[in-house]
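Chains as they are written, first to last, in the working numbering: chain A, 59 to 598; chain B, -9 to 493. Where is the CB? At the ideal position from N, CA and C, for every residue including glycine. Computed from a prediction, not measured in an experiment: that's the story for all the values here. Written below as structure tokens is the structure these notes are about.
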Amino acid sequence: MKRVVFPLFLALLSATSAVVAQNSASVLEPRGKAERKKPIGTITPPPAGVLPKRNLPVAPAAPSQRETIIRSTSLVKVNATSQGYNPHIPWQKESPGARRGLGVVLAGNRILVTGQMVADATYIELEMPESGQKLPAKVVAVDYEANVALLASASPSKEKEFFASLTPMTLDTSARIGDSLSIWQTGRVGDLIVTPMRISKVMTQGYVVENASFLVYEATGIVRSEGNSFTLPVVKGGKLAALLLRYDSKNQVATLLPAPIIEHFLKDTDDGQYDGFPSLGVELQQTLDEQFREYLGMKGGMKGAFISGVSKGASADKIGVKQGDIILSINGFSVDSRGDYQDPQFGALSISHVVRGRAFVGDKIEMKVLRDGKEIELSGKLLRKQPADYLVTPYIFDRGPNYVMMGGLLFQELSKPYLQAFGSDQQSGAILRLSRIAEHPEDYEKEGRRKLVFLSAVLPTPTVQGYERLGGQVVNLVNGVKVNDLNDLAEAFKTPKDGVHIIELADFPKLLHIDAVSAERDNLKLVGGAYRIGTLKRIQ
Amino acid sequence: MTKHPLLLASAAALLLCTSIPARAKDEDPGASQAIDTNSGEWEGIVNIDVSVLMPDYREPWNAGQPSGGSGTGFLIGKNRFLTNAHVVSNATKIVIRTMSDPEPHAARVVHIAHDCDLALIEAEDASHFEKLKPLTFGGIPKLNTEVIAVGYPIGGERVSVTRGVVSRIDFRPYSHTGVDNHLTIQVDAAINPGNSGGPVLQNRKVVGVAFQGFSGRVAQNVGYMIPVPVIERFLKDIEDGHYDHYVDLAAGDFSIENPAQIKALGLENDGHGVLIADVEPAGCVGGVLKQGDVLLAIDGNPVLNNGLIKIDGELIDMNEVVERKYAGGKVKLDFVRDRKKQSATVTLKRFLPYVKLGLQYNQRPRYIVYAGLVFQPMDRNLMDAHSIRDPLTSYVFDNYMTKKIYEERPEVIVLTNVLPDEVNTYLTGYQQSIVDEINGVKIKTLKDVKAALAKEDERAGFIKIKLLEKGRPLVLKRELAEAAHPRIMKTYNIREASYLGEE
């Protein structure tokens, strides 16, 4: 199996909890700044063998409790240390933080956790809930959009012994609205704490990163965090039905990452080549408004949703879908006026699940659309737009942001994590301009830009005298060369004109000059000097 | 920065006057002088009590919110009182009272200049003030010389005198519009709400008009006055009976400090020349200067690399040369382009797109309501009143100048509201969007909206409103919209379907 290396980011998690925890007033998973700290109620695992007396598992407070202790042999504790890069100081890592969760044992000595659990991980270990026995682990597959990851032992010598007493759990994808599920947590001594939940709603929404929406179950019930809160299994009849994605304690609503998505992920990883979830790349609008329907030529009870946007290079674009089309059916499912289809298991559901949940990259896609009053059939293959294919990188995990430093001028590729690290307060000036490019990259993509390169900051060196307060300007040309990504920029800096680098910006003050020799001299000082940059560029 | 114009809100303690600042017998600016309120000499410093109607940019068909305030003014000529524009902005009723006489005298605005926050008012009946002695102007006071501020600030009803020194002379933003920068003088005499429009005196001569300060949480003992050059410019501008506003080069400059930049631009390394980083094509140097030019001198006055020039021995922003001129005046520019020296003379004019970015006053909000859809032109007042959060609309406002959006859309029209009715119930949720086209007509001004709504779309019987970057058009059946329109007007108590401004 191949480890999927997505460009990654942590800033989304650490910068704005509001963005991550979309509709939950409070979340069970500690996020935002709190992520750096231990979750409330976390029990620091005592070193094996030196348990203080009061923590002895054989001394429960109430005798009756001992009798009811049940255990599961399919759960292990997962402890991960994570450390992301600072989006604004890209050569620097933030302080490490701990995350704890429960992993589900799957066949083949694999452990399933959420992607969030292992994002930017520096060290991962598995721990037996009862004995405290530990095993170093590694990520063998991860999808940060679908928020699932598969772990395996990182220590071949200890693997067999560790897994000997564990039994794999299987998936149950049959859950539907009204079903009762239970969230499993482990107590201090490995005892199982079971919380009942009932599925009240099934829909699609974004998980942790924003650029894709997936199937979720919403379940109601009261969950008390036992500390292992980053990943919790949700079980139906002894089988894994979902993982807990977030919990809104105010409304007592848990959002669950459902087994069908987990199954899709596991199937995809089976062949050793992970393709990810396909996407359609359309934006839909309802056609409930009679006047709009009449205008569009939708007769009588005709169903279908208005396509208000088609993402460049995505599946829909490739098969010829146009903005203004009305989608009537997809892969045999009729589309209603809200953009939903009737799922045999879940009822009305966004058509995004037809593509993401029910199909794989490379599968055939068939769509029927109404265009200029005529029905037309379109078909082709389903694709996936990789994070690297976006002008503005949607998320970055497990690596640092790309940058080029030249004599004190810091250039970066624009990414969502970079913008999100500013929080929601600074929505004017350069941040507003850059945010808009992130929302509407079309014009820049048309220019042939692959990434948006901008001057993000200026470190005060003699070379950049007079430019210290700049930041946020989009780079157009350097030494006469069009800058379509950081590679172009690095190349362009090899050919100064008469010993001077000429940097042309899209924004005020539009034109900068720096001395090429002086810049090289300052580069050396930046690497070793007070700023300890280490390396002058990162282009991955 | 929380700069506040120093108009005293009527809710707070205000107005009324009696005592008078003293006559200064001693010419030594450092000496303190006793005040004789009966001398009559200071009787020309008056309290101005104003009733105001704040225009309502949210419900633009409404008259607005009545309010009031109080400030200070002073006699500068026959029945001519100088005060701040912000004291008498949006006024519906103005009365003045002198120090020794509580009788209110109705007054009216003669000229008002929002861009430099000055106004000239007169009493409706001049007879009462005929015998009063006008105050006279001095010049720019030196740093660390003493001044007194006289007026009717918060903290009591009678006249107040505060004393301090001249702390700084600088180019600063004028908070009344928020976008204009002129010469200001900072003093450490306490200047508080209600001082606005009052004189700041040195040796019995007016050296400035108190007008703004910082909130106490931001800075202490920082008050600002409008200095005499700005006042004189205003008074000269209105001599012809009309205020022509400030003129502007409408170009952005960037300091040339970097040795590589000096070398690459072919400049002599003598500390002169500022980079022209941005030129407004519609401004007075549009087509004359180009981005990348280096300005060496303005009217023969050498420009330093940070954009400063020397006037009367003081370093000051080069725009001061332009500041002191009037619409139609000329200015000579010496600059370097492609390493060659060139000269050009440009005729100065006001730069209008700028005005929309600042707060505007004494304007009735313009709008069109049709079938419950409310269209309004974008400006600062609208952005504030509607607390615009739509990212595109905020972006367009923020970059109206920097991205030259004004060239494509002289007026950006915003669908500010949808007043719910059966006919438009599916369109609620599109508020705050920018209107791109109506019935195929590109919308560049509010008047275009009216004409375009009347026009037939290519799909007969429909009205199609295309919003900027919203993916789908808003569609109304004309027949239904026409029927709903009068009903909505009645329901929401709107008496006029539009106000397009004075013809």
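Strictly under 8 Å for the Cβ-Cβ distance: is residue i near chain A by that measure?
i: residue 388 of chain B; result: yes
i: residue 467 of chain B; result: yes
i: residue 423 of chain B; result: no
i: residue 250 of chain B; result: yes
i: residue 307 of chain B; result: no
i: residue 515 of chain B; result: The first residue shown for chain B is -9 and the last is 493, placing residue 515 of chain B beyond what the model contains.
i: residue 381 of chain B; result: yes
i: residue 329 of chain B; result: no
i: residue 132 of chain B; result: no
i: residue 244 of chain B; result: yes
Between which two residues does the beta strand (DSSP E) harbouring residue i extend?
i: residue 323 of chain B; result: 320 to 327
i: residue 377 of chain B; result: Careful: residue 377 of chain B lies outside any beta strand (DSSP E) and carries neither H nor E.
i: residue 357 of chain B; result: 357 to 360
i: residue 156 of chain A; result: 155 to 164
i: residue 533 of chain A; result: 531 to 536
i: residue 161 of chain B; result: 150 to 164
i: residue 334 of chain B; result: 330 to 337
i: residue 488 of chain A; result: Here residue 488 of chain A belongs to no beta strand (DSSP E); instead the alpha helix (DSSP H) covers 487 to 497.
i: residue 304 of chain B; result: 304 to 307
Between residue i and chain B, is any beta-carbon pair separated by less than 8 Å?
i: residue 188 of chain A; result: no
i: residue 569 of chain A; result: yes
i: residue 561 of chain A; result: no
i: residue 487 of chain A; result: yes
i: residue 346 of chain A; result: yes
i: residue 411 of chain A; result: no
i: residue 11 of chain A; result: Residue coverage of chain A in this structure runs from 59 to 598, which leaves residue 11 of chain A outside it and unanswerable.
The alpha helix (DSSP H) spanning residue i covers which residue range?
i: residue 350 of chain A; result: 348 to 354
i: residue 251 of chain B; result: 249 to 254
i: residue 410 of chain A; result: 410 to 414
i: residue 478 of chain B; result: 468 to 481
i: residue 439 of chain B; result: 436 to 444
i: residue 346 of chain B; result: 343 to 347
i: residue 322 of chain A; result: 317 to 328
Kindly indicate which residue of the options has the alpha-carbon position closest to the one of residue i.
i: residue 152 of chain B; options: B:351, B:203 and B:179; result: B:179
i: residue 193 of chain A; options: A:137, A:305 and A:559; result: A:137
i: residue 552 of chain A; options: A:468, A:538 and A:355; result: A:538
i: residue 138 of chain B; options: B:163, B:126, B:177 and B:105; result: B:177
i: residue 150 of chain B; options: B:68, B:140 and B:459; result: B:140
i: residue 398 of chain A; options: A:408, A:390 and A:392; result: A:408
i: residue 223 of chain B; options: B:213, B:234, B:215 and B:214; result: B:234
i: residue 485 of chain A; options: B:385, B:199, B:225 and B:402; result: B:385
i: residue 406 of chain B; options: B:397, B:392, B:412 and B:424; result: B:424
i: residue 332 of chain A; options: A:284, A:288 and A:202; result: A:202
i: residue 295 of chain A; options: A:230, A:263, A:275 and A:336; result: A:230
i: residue 392 of chain A; options: A:404, A:415 and A:360; result: A:360
i: residue 130 of chain A; options: A:224, A:346 and A:210; result: A:224
i: residue 503 of chain A; options: A:528, A:549 and A:448; result: A:448
Contact between the segment 213 to 223 of chain A and the segment 468 to 480 of chain A (3+ Cβ pairs under 8 Å): In short, these stretches do not touch, since the Cβ pair count stays below three.
Segment contact, 8 Å Cβ cut-off, at least three pairs: the segment 232 to 243 of chain A with the segment 294 to 313 of chain A: The segment 232 to 243 of chain A vs the segment 294 to 313 of chain A: in contact.
Whole runs of the alpha helix (DSSP H) within the segment 211 to 285 of chain B, excluding any shorter than 4 residues: As far as the segment 211 to 285 of chain B is concerned, its whole alpha helix (DSSP H) runs of at least 4 residues are 218 to 227 and 249 to 254.
The segment 419 to 434 of chain A in contact with the segment 375 to 389 of chain A per 3-pair CB rule at 8 Å: Yes, since at least three Cβ pairs between the segment 419 to 434 of chain A and the segment 375 to 389 of chain A fall closer than 8 Å, the two stretches touch.
Three-pair Cβ contact test at 8 Å for the segment 483 to 494 of chain A versus the segment 225 to 239 of chain A: With contact defined as three or more Cβ pairs closer than 8 Å, the segment 483 to 494 of chain A and the segment 225 to 239 of chain A are not in contact.
Validate contact between the segment 39 to 53 of chain B and the segment 350 to 368 of chain B using beta carbons, cut 8 Å, 3 pairs: Enough Cβ pairs lie closer than 8 Å, so yes.
Sufficient close CB pairs (3 or more, under 8 Å) joining the segment 244 to 261 of chain B to the segment 217 to 234 of chain B: The segment 244 to 261 of chain B is not in contact with the segment 217 to 234 of chain B.
Touch test, the segment 316 to 324 of chain A against the segment 293 to 303 of chain A, Cβ-Cβ under 8 Å, three pairs minimum: Verdict: yes, contact present.
Stretch pair the segment 308 to 316 of chain B + the segment 325 to 333 of chain B: three plus CB contacts closer than 8 Å: No: the two stretches stay apart, fewer than three of their Cβ pairs being nearer than 8 Å.
Three CB pairs or more closer than 8 Å across the segment 87 to 103 of chain B and the segment 187 to 198 of chain B: No: fewer than three Cβ pairs fall under 8 Å.
Unbroken stretches of the alpha helix (DSSP H), 4 residues or longer, contained in the segment 32 to 101 of chain B: Entirely contained in the segment 32 to 101 of chain B, the alpha helix (DSSP H) runs reaching 4 residues are, in chain order, 75 to 78.
Segment contact flag, the segment 405 to 421 of chain B with the segment 252 to 261 of chain B, C-beta cutoff 8 Å, min 3 pairs: Taking a contact to require three or more Cβ pairs closer than 8 Å, the segment 405 to 421 of chain B and the segment 252 to 261 of chain B do not qualify as touching.
Residue ranges of each alpha helix (DSSP H) within the segment 383 to 426 of chain B, 4 or longer: If we require 4 residues or more, the alpha helix (DSSP H) runs fully inside the segment 383 to 426 of chain B come out as 395 to 398.
Touching by the beta-carbon criterion (3+ pairs, under 8 Å), the segment 569 to 586 of chain A and the segment 456 to 471 of chain A: With a cut-off of 8 Å, the segment 456 to 471 of chain A and the segment 569 to 586 of chain A count as touching, because enough Cβ pairs lie within range.
Cβ contact check for the segment 159 to 168 of chain B and the segment 89 to 97 of chain B: 3 or more pairs under 8 Å: Remark: fewer than three beta-carbon pairs, one from each stretch, lie closer than 8 Å, so the segment 159 to 168 of chain B and the segment 89 to 97 of chain B are not flagged as touching.
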